[in-house]
Amino acid sequence: MPIERMILFGSRADGTAKKDSDVDLIIVSPRFKLWDFFKRGAKMYDYWDVGYPADFLCYTPEEFNRLSKQITLVSEAIKKGIEL
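The opening residue of the sequence shown carries number 1 in our numbering; numbering runs sequentially from there.
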């Protein structure tokens with residue numbers, strides 16, 4: 001799968017994670033245009049096991065660019081997260 005951007009955010013990015021904390025990832029790929037928006041995160045588990053409970057927020061480049069310009073979780077992740 002072509003991935004344009006990946007951002008780790010939340011407690012694993014800011015150093016406050018506990019042993020049972022999940023992994024929060026934003027993944028940007030043009031392939032997501034082919035997937036139902038509400039099923040993208042769950043479908044990522046078919047592709048990737050990160051070894052921890054994970055929340056995948058999956059966006060097309062267009063969705064990501066639009067959301068990054070608004071006051072959203074995406075814009076906060078860009079400011080405070082770690083680009084992978």
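Every residue gets a Cβ at the ideal spot worked out from N, C-alpha and C, and that includes glycine. It should be emphasised that the depicted structure is a prediction, and the values quoted were computed from it without experimental measurement.
- Taking the Cα positions, ILE7 is about 17 Å away from GLN70.
- Taking a contact to require three or more Cβ pairs closer than 8 Å, the stretch 60-67 and the stretch 19-39 qualify as touching.
- Here TYR52 has ASP22, VAL23 as same chain residues with Cβ atoms under 7 Å from its own Cβ, once five neighbours each way along the sequence are excluded.
- The residues THR60, in chain order, have a CB closer than 8 Å to that of LYS33 in the same chain once the five nearest residues on each side in sequence are set aside.
- Under the DSSP assignment, ILE78 falls outside any beta strand (DSSP E), being part of the alpha helix (DSSP H) whose first and last residues are 73-80.
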